[in-house]
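Protein chains in written order, with the working numbering: chain A, 1 to 245; chain B, 246 to 642. No residue lacks a Cβ here, since even glycine has one placed at the ideal position from N, Cα and C. In what follows, a structure is listed as structure tokens, so that the remarks can point back to it.
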Amino acid sequence: MSALTQAARTETTPPHSVRAALHMRNVVKEFPGSPPVRALDDVSVRIDHGELVAVVGPSGSGKSTMLNVMGTLDRPTSGIVEIDGVDTASLPDKHIAGIRARKIGFVFQQFFLLDGMSTVDNVTNGLLYQGVPPAERHDRAIEALKTVGLGHRLNHRPNKLSGGERQRVAVARALVHRPAFVLADEPTGNLDSKSSAAVMDLIRELNDLGTTIVVITHDNAIAEALPRRVAVLDGRILDDSGRPS
Amino acid sequence: MNHPTSTLRFADILRVGSSGPRARKSRTALSALGVSIGIAALVGVLGLSESSKSDLLDELSLLGTNLLTVEAGQGIGGGDGALPESAAASIQRIPTVEQTSQVIPVDATVRRSEFVDEGITGGLTVVGTDGDLVDTLNGSVAVGVDLDEYASSPYPVAVVGSVAAERLGITDLDQPTHVQIGDDQVQVVGMLDEFTLAADLDRSVMIGIDAAVAAYDAEATPSTVYVRVEEGRVDATRDLIAGTADPENPEEVNVSRPSDVLSAQAAAESSFTSLFLGLGAVALLVGGVGIANVMIIAVIERRGEIGLRRALGATQAHVRRQFLTESVLLGILGGGAGVVIGILVTYAYAATQGWRVVIPWIGPAGGFASAIVIGAVAGLYPAMRAAQLSPVEALRS
Ligand SMILES: Nc1ncnc2c1ncn2[C@@H]1O[C@H](COP(=O)(O)OP(=O)(O)OP(=O)(O)O)[C@@H](O)[C@H]1O
Ligand SMILES: [Mg+2]
């Protein structure tokens, strides 16, 4: 717990409070076709350090596209995406990858754990592309697994874990490198209601410790339980509850 | 502004590149198999051909390539199969000739004893020879002594060739041993080892020339003269011999070099070697295509992993390096296994043939190096495909 608390504190110190964790301005994303599909239509949103935000909307509304653009996995057709104060528009692949390696953590609906290696090694992968030495990676991965309550599952193969446990491993991997924010696309989409609740509790807990998290969901009940909700429809922001004061 | 960069340590490239093969061990073994068969074939073929060739050449250098055989040919005038009586002495006068020995045919049969029917010759012949014949042919005495030990003996004695000894049932000379040559009992004083360069003498029983002429009315005209020539002057000397041996009918004299047969054998094996090397190269190529195939399948199957790694911060170059490393690793595994198998096969087969093992370094070194190159080339296209996959597309699996 201590390492994470520390990490969270570092991320919330003054320089961060003046610049947003994530700032999207007038972002448009079109997919080629006839006619082209406008999946994001003039989207502007600012997410500050320490926030916990739900992006909610029906299927096909553009949530995943938004997450991909936020996470620099995809480039916008136009508009600006700033990560922790850095405009990503003109950056080459090498630096964009560097931003993902250091600033962003991802959690996916399908977990994307590698079955050929243990849970610890899956979590160390979160530090691999920062050039952190192996011994330090290992220590920090164990620390992160303890934080998500899996200190007793270090050497298990992911395919021997329950769905809820797998998603917690993925969460540990998303925070082990102390990112500016974590993006979670339908993190409970493949889980039963009990595991689902446990994962959401974990997400709230981590946010309490200072981690900035964006959760994408089509489940209104989950969204209602989070402090800020951004509603998306047809590629536009329908409603933003804003940062609670 | 100082932009953050993505870094993958060198040791981690190896770790990441080997994670795929480590996770799927049996597939890894199977995909490296093709290359290992190819490399084993190359290493084995080169090793075996060198070992057998060196065996032939060892034998050749032991016997010498400077021995010439001079025989009476069947000339147009119907030669009688004999050289002039003076042939050996004349040849000996050529300055570059070191040693000559002659063989004259004896018209007599040889049997184990007088009680064996005279018609049963067992394919053996009786010849008269000089005492130094064994020496000239670089032959050796297996048991007993050579004829020249008895040069001054008033009684005829005989030595038997290796095949002749066997057919006559002579296994040792512990007891005084006799054979029946024509009407006489002749003591056997020596058994010879095999002559590699004059196989017909193995089937002969040899007596001294004087005894042959005196006791069996043999003509002193030799059927064959063996000539040992100064090393390096063989070809020049060879041209002089026919005219010297039989100045009147030089065209009826055949001069040959028995070691040419062994040389030709070594050359023939070389051409077989090229054939097998070609087959090995084809196997290697097929193995390379196999690796490329497996890598393309791996890239398709592991789209999710590729997308994940991109999300974790891998650059296109990192993904490319991961799959190239994986492919080179398959080449190294196949090459390493192939070299070991090839060497083992060479040792095993050489042992059954009694050869000294010679493994030319080009086999293992070249084989291993080409396996690495094949792995790299086979991985080039799949690795490029993996790197060009967009993260979003890769994650949509
Ligand atoms: N690569 C693409 N090419 C063309 N159209 C696309 C592509 N990706 C997404 N779209 C379209 O963009 C729109 C938004 O898709 P997106 O996946 O962002 O929706 P979503 O809100 O995540 O839906 P869901 O809840 O079903 O996951 C959809 O109409 C989709 O068909
Ligand atoms: Mg989606």
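- Here the distance from the Cβ of THR65/A to the nearest heavy atom of ligand 1 is below 7 Å.
- Collapsing the DSSP output to three states places TYR471/B in a strand.
- Each residue's CA atom was taken as its position, placing PRO249/B and LEU206/A some 25 Å apart.
- DSSP lists VAL56/A as the bridge partner or partners of THR217/A.
- By the neighbour-count definition (other C-beta atoms within 10 Å, threshold 16), GLU497/B is a buried residue.
- Non-local C-beta neighbours of LEU233/A in its own chain, meaning closer than 6 Å and more than five positions away in sequence, comprise GLY57, SER61, ordered along the chain.
- For GLY131/A against THR252/B, the beta-carbon gap comes to about 3 Å, under 8 Å, which counts as contact.
- With respect to the 8 Å criterion, ALA327/B and THR466/B are classified as neighbours on the basis of their beta carbons.
- In the DSSP assignment, ALA410/B falls within the unbroken alpha helix (DSSP H) covering 407-412.
- THR273/B has its alpha-carbon roughly 8 Å from the corresponding atom of ARG267/B.
- What LEU114/A touches in chain B, judged by beta-carbon distance under 7 Å, is GLU550, going in chain order.
- The beta carbon of ASN68/A falls within 8 Å of a beta carbon belonging to chain B, placing the residue at that interface.
- Between VAL214/A and VAL53/A, the CB-CB gap stays under 8 Å.
- In this structure, the CA atom of ARG137/A is about 12 Å from the CA atom of LEU145/A.
- Taking C-beta separations shorter than 7 Å and ignoring five residues to either side along the sequence, the partners of TYR461/B in its chain run VAL351, ASP352, ALA353, GLY427, following chain order.
- By the CB criterion at 8 Å, VAL388/B and MET436/B fall inside the cutoff.
- For ARG565/B, no CB of chain A lies under 8 Å from its own CB, so it is not counted at the interface with that chain.
- Residue THR314/B holds the alpha-carbon nearest to the alpha-carbon of ASP445/B among THR314/B, GLN633/B, GLY580/B.
- With three or more CB-CB distances shorter than 8 Å, the stretch 102-109 of chain A counts as touching the stretch 173-192 of chain A.
- For LEU191/A, there is no enclosing beta strand (DSSP E), as DSSP gives it neither H nor E.
- For the stretch 627-639 of chain B, the set of positions with a beta-carbon nearer than 8 Å to some beta-carbon of chain A reads SER635, PRO636, VAL637 in chain order.
- Shown here for LEU575/B: same chain residues with a beta carbon closer than 6 Å to its own, the five before and five after excluded, namely SER276, ALA277, ILE536, GLY620 in chain order.
- Annotation note: the stretch 372-458 of chain B contains the following uninterrupted alpha helix (DSSP H) runs of length 4 or greater, listed N- to C-terminal: 378-381, 407-412.
- Shortest Cα-Cα distance from ARG236/A to any of HIS218/A, VAL176/A, VAL43/A, HIS49/A involves VAL43/A.
- By the neighbour-count criterion, in which a residue is buried when 16 or more other Cβ atoms sit within 10 angstroms of its Cβ, ASN155/A is exposed.
- In terms of CA proximity to VAL603/B, LEU301/B leads the group LEU301/B, ARG260/B, ALA396/B, SER263/B.
- Taking the C-beta atoms as reference points, PRO92/A is found no nearer than 8 Å to ASN122/A.
- Nearest C-alpha to ARG338/B among SER397/B, ASP380/B, GLU475/B, VAL405/B: GLU475/B.
- Spanning the alpha carbons of VAL390/B and VAL434/B requires a straight line of approximately 6 Å.
- Between ligand 2 and ASP185/A, a heavy atom-to-CB distance of less than 7 Å is present.
- The alpha-carbon separation between VAL506/B and SER331/B amounts to approximately 29 Å.
- Identification of chain B residues near GLN130/A by a Cβ-Cβ cut-off of 8 Å yields SER251, THR252, GLY558, ordered along the chain.
- Residue burial annotation: LYS194/A is exposed, with fewer than 16 other C-beta atoms found within 10 angstroms of its C-beta.
- Below the 9 Å Cβ cutoff, chain A contributes GLY116, MET117 as neighbours of ARG267/B, in chain order.
- For SER251/B, no alpha helix (DSSP H) encloses it, and the DSSP letter there is neither H nor E.
- Cβ-Cβ distances below 7 Å link VAL148/A to ARG168, VAL171, ALA172, LEU202 in the same chain, with the five nearest sequence neighbours on each side left out; the list follows chain order.
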